[in-house]
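Report on the following structure.
Here's what the structure looks like:
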């Protein structure tokens, strides 16, 4: 029988007081999400209306330029746009027309707001409406803000998906929608498991192509695959859809609990659930065990990054035997990560927001075995002797569901294994 | 508004960060929204720095805009001073903070901090990274340099090296050694590794070596004007330029010592028979103006290449590059539009690109080898080994850099001899490179037939004639090894168009070959 995860006897972390920090934040802005969203949505183009800094961020965050002409770009504001010499809307219309004529394969265009466009109040909603009229039916134009003054890293995906929700068609069908951009291979695995349980007609948001988007209505139920989708969650509920709360599908336990919640919603029997999940579950356990040997009993400290921190801390503490010292997250949405918090034994500091220098002081004092942090902090901390795992890899790597559970654990064990493996001292 | 896909330069505050991060004992308080902290990773990841850039960001958010971002800035400034105790502070705004007009310089000035506070005005919507670095270094020098006696020994300052600079780390060693050979000491190297106290000592040197005009020229000019220090105009990249640089230094200082050239290998390597195959290789050169100027001279005079096109992305140096292009008989390309650069390279059909990491990607797409000679940088541009561009060792490094991407001499012959060998075919790419080079073939095949209509103005030629490849000629063209196919196609099309030949046959192909034979 399925063992459902037990809430720790001591009651979990849901009601642990949160340390709220409001100092310097060492995090990406929401524009960064474009890096994976443009690969996921194969007929979408993301046009940032911003500054040279935005363009430089996208380029730097992308790390390497894999694509000669990617499906994102920046309309860089210039002096004349700010001085009002040029009507920013005319300029935008011109750039969009040029872009779409060069890329006839584009069916969805996202105008993405940035810090400068928000501060000078360029009304991108109005622009999107106007441009949608001009370019419909071939291209749908939407807008959202990925600005750093409003969004932190993965919140960009949330803002993007939330902007799509009001545009989705209406349906009365009882359908399940999986919400969150997953690598195609992972998405297919999830769909395969659900189908095997007899849950048919599962849709995904975002869809790979515009014509495959889900419709939403009062009989829609949805499950989130990512913990950072608070606004999308709210937008779907406004359309009458109902959320299936669950721990997030990381590791054996998270995936099982997540699938179980969905299965319960659709009345799947224990026998069917067991027969579908037993084999992949066993594989996941075996794969995790291989990595967990190195993680067991080690301590971990999370700097805020992607909002994946709470579910990952749940995975590392319960399935890999680690001790969490601090679980820092840019934003803690208890409605979404509550089920994961319930499963984390009390003890770790739960912090929201950041004051990076103070947090670094805490990390140094705690001397964790592994520190999960952003790229700006990782090498400096390594140089101080702390093993680190750069957090962005957790967003750019397939880590959800059973078949990736071992890989997920491996992302954390590899830095420790490497540290142990390197012999750079004299042999004596 | 200008649509940009990839950028050659970051915003000007990133230039300021390159100065601040290169220096020691300096702190940069940057009024900027959350997210602008991404710039830290340029230094910690690309350059593998083992400490955080000395930058405090105010990271204001939307909720702060309605209240008091000025207080937020002052708090950040005070916290930075208390925590890091720098010898001097630079303060400024990123693009978004520039719009909210809090005046970081003015705010910091009222705080009575016990160290010099240097305000930066970097117009984010007009200027770019190199300007930001140049202006920041200039302001630091202007605020901190103190009048003083010259050193007893003849000494120079080395100006312009920054954090995240293209081989700056190794260039300063090489130039230091070169000056040492001439009996000249180094007073201060700045901004890289200098403290504010070192900056104060700049005027003690007898002259300045302006290593990187992009990031050091404003400071060099100011030191010349205010402290009577002349500066060198020649950047010692390449054999000829290094020799000219030594002459220039002798002229400025009156030293007569000879430089020891025993480490220099480029001249012999380039003269040795093995290098014959390099003769007349057509190269397209693109990057920052300083490295492009140097690379053009090396390519033509020291490697025996033919310069098929050149340009730079930093408009500040457009005049120099136009003059250079004239000297080399090519059209200058002054652009920071990646797609425009790609088009120009596609038209020129060079056998190799000397460019930046951006051109390396263009080359990958077009199937043209590329040697990286200039910023913008990539983690690969910070090799673990000593790898300067300047001086004698720099010339040696450049010889290797420029030869490595090419198919080697004997291999080139074999590829010609066994054109359609089942293993030894052109899609296999140069044998000394791991993995298969991205073949041009798929692109080329799709284009064949339409090339004549679609391709560039040159194809239309002076007579404005559209030329079409006949199938047999097309097939013959494909038998030509990949590394010369582009040139053969271009030459044939030009040849045909100049003669009013509308259809290219196998005959035309070989007539063109004979015509262009060298």
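Chains as they are written, first to last, in our numbering: chain A, 17 to 444; chain B, 7 to 524. Beta carbons are placed, not taken as given, at the ideal position from N, Cα and C, and that holds for glycine. Predicted model only: the values in this text are computed from it and were never measured.
Problem - Within chain B, partners of residue 44 of chain A - CB distance below 7 Å - result: 41 and 44
Exercise for the section: Output the residue ranges of the beta strand (DSSP E) runs that lie fully inside the region 309 to 386 of chain B and measure 3 residues or longer, sorted by chain position. Expected result: 312 to 318, 338 to 340, 358 to 361 and 376 to 378
Handout entry: Minimum C-alpha distance to residue 411 of chain A - residue among A:306, A:150, A:185 and A:321
Key = Minimum Cα distance to residue 411 of chain A is reached at A:321.
Practice task
With a 10 Å radius around its C-beta and 16 neighbouring C-beta atoms as the bar for buried, classify residue 20 of chain A as buried or exposed.
Solution key: exposed
Practice task
Would you mind stating whether residue 143 of chain B and residue 202 of chain B have Cβ atoms separated by less than 7 Å?
Solution key: no
Problem - When A:395, A:102, A:417 and A:415 are compared against residue 56 of chain B, the one with the closest alpha-carbon - result: Ranked by Cα distance from residue 56 of chain B, the options A:395, A:102, A:417 and A:415 are led by A:395.
Practice task
Evaluate residue 274 of chain B with the Cβ neighbour count: other Cβ atoms within 10 Å of its Cβ, from every protein chain shown; 16 or more gives buried, anything less gives exposed.
Solution key: Around the Cβ of residue 274 of chain B, a 10 Å sphere holds fewer than 16 other Cβ atoms; the residue is exposed.
Handout entry: DSSP-derived helix/strand/coil call for residue 462 of chain B
Key = Here the model assigns residue 462 of chain B a pLDDT of 34, short of 50, so the residue's position is not dependable and the matter cannot be decided.
Problem - C-alpha distance - residue 37 of chain B paired with residue 269 of chain B, whole-angstrom precision - result: 48 Å
Exercise for the section: Evaluate contact between the region 358 to 368 of chain A and the region 27 to 34 of chain A, counting only Cβ atoms and requiring at least three cross-stretch pairs below 8 Å. Expected result: yes
Problem - is_contact[residue 168 of chain B, chain A] using C-beta, thresh 7 Å - result: No, no contact with chain A.
Exercise for the section: Within its chain, find whatever has a CB closer than 8 Å to the CB of residue 336 of chain B; leave out the 5 residues flanking it on each side and keep chain order. Expected result: Result list for residue 336 of chain B: 313, 314, 315 and 316, in chain order.
Handout entry: Residue-level contact to chain B via CB, residue 391 of chain A, 7 Å cutoff
Key = yes
Exercise for the section: Would you list, in sequence order, the uninterrupted beta strand (DSSP E) runs of no fewer than 3 residues that lie entirely inside the region 285 to 348 of chain A? Expected result: Under the rule that a run must span 3 or more residues, the beta strand (DSSP E) segments found entirely inside the region 285 to 348 of chain A read 315 to 318 and 339 to 345.
Exercise for the section: Could you tell me whether the region 34 to 48 of chain A touches the region 160 to 172 of chain A, using the rule of 3 or more Cβ pairs below 8 Å? Expected result: yes
Practice task
Please work out which residues of its chain come closer than 6 Å, Cβ to Cβ, to residue 257 of chain B, disregarding the five sequence neighbours upstream and downstream, and give them in chain order.
Solution key: Taking C-beta separations shorter than 6 Å and ignoring five residues to either side along the sequence, residue 257 of chain B has no partners in its chain.
Practice task
Look up residue 292 of chain B in the DSSP assignment and say whether it is helix, strand or coil.
Solution key: If DSSP states are grouped into helix, strand and coil, residue 292 of chain B belongs with the strands.
Practice task
Step through the CB atoms of chain B and report whether any lies within less than 7 Å of the CB of residue 176 of chain A.
Solution key: Interface with chain B (7 Å Cβ-Cβ cutoff): residue 176 of chain A is excluded.
Exercise for the section: Please go through the same chain and pick out, in chain order, the residues whose beta-carbon is closer than 7 Å to the beta-carbon of residue 49 of chain B, but skip the five residues on each side of it. Expected result: 27, 55, 59, 169 and 170
Problem - chain A within 7 Å of residue 395 of chain B, Cβ atoms only - result: For residue 395 of chain B, no Cβ of chain A is located within less than 7 Å of the residue's own Cβ.
Handout entry: Other residues of its chain near residue 45 of chain B: CB distance less than 6 Å, five sequence neighbours each side excluded
Key = Shown here for residue 45 of chain B: same chain residues with a beta carbon closer than 6 Å to its own, the five before and five after excluded, namely 20 and 23 in chain order.
Exercise for the section: Report yes if the CB atom of residue 221 of chain B is closer than 7 Å to the CB atom of residue 138 of chain B, and no otherwise. Expected result: Cβ atoms of residue 221 of chain B and residue 138 of chain B: not closer than 7 Å.
Handout entry: Proximal residues to residue 411 of chain B (C-beta, below 7 Å), its chain only, five neighbours per side dropped
Key = 358, 375, 376 and 377
Problem - Per DSSP, the bridge partner or partners of residue 66 of chain B - result: B:39
Handout entry: Whole-number beta carbon distance between residue 251 of chain A and residue 181 of chain A, since they are thought to touch under 8 Å
Key = 4 Å
Exercise for the section: Taking the CB atoms as reference points, tell me whether residue 132 of chain A and residue 66 of chain A lie closer together than 7 Å. Expected result: yes
Practice task
Could you check which residue in B:279, B:236 and B:365 has the C-alpha nearest to that of residue 259 of chain B?
Solution key: Taking each of B:279, B:236 and B:365 in turn and checking the Cα distance to residue 259 of chain B, the smallest one comes out for B:236.
Handout entry: Contact with chain B by residue 92 of chain A, beta-carbon distance below 7 Å
Key = yes
Problem - Residue-level contact to chain B via CB, residue 68 of chain A, 7 Å cutoff - result: Yes, residue 68 of chain A counts as interfacial toward chain B.
Practice task
Closer than 8 Å by C-beta to residue 156 of chain A: which residues in its own chain qualify, once you throw out the five before and the five after it? Chain order, please.
Solution key: 123, 124, 125, 148, 183 and 226
Problem - Exposed unless 16 or more other CB atoms sit within 10 angstroms - verdict on residue 231 of chain B - result: exposed
Handout entry: Euclidean distance between Cα positions of residue 427 of chain A and residue 308 of chain A
Key = Per the coordinates, the alpha-carbon of residue 427 of chain A lies some 11 Å from the alpha-carbon of residue 308 of chain A.
Practice task
Starting from the beta carbon of residue 75 of chain B, find every residue of chain A whose beta carbon is closer than 9 Å, and list them in chain order.
Solution key: Within 9 Å Cβ-Cβ: nothing; residue 75 of chain B doesn't reach chain A, min ~10 Å.
Handout entry: Near-chain A residues of the region 97 to 120 of chain B - C-beta to any C-beta below 7 Å
Key = 100, 101, 102, 105 and 106
Problem - Outcome for residue 185 of chain A when other beta-carbon atoms lying within 10 angstroms are tallied against a minimum of 16 - result: exposed
Practice task
Compare the C-beta of residue 68 of chain B with all C-beta atoms of chain A and state if any pair is closer than 7 Å.
Solution key: It does: the Cβ of residue 68 of chain B has a partner Cβ on chain A nearer than 7 Å.
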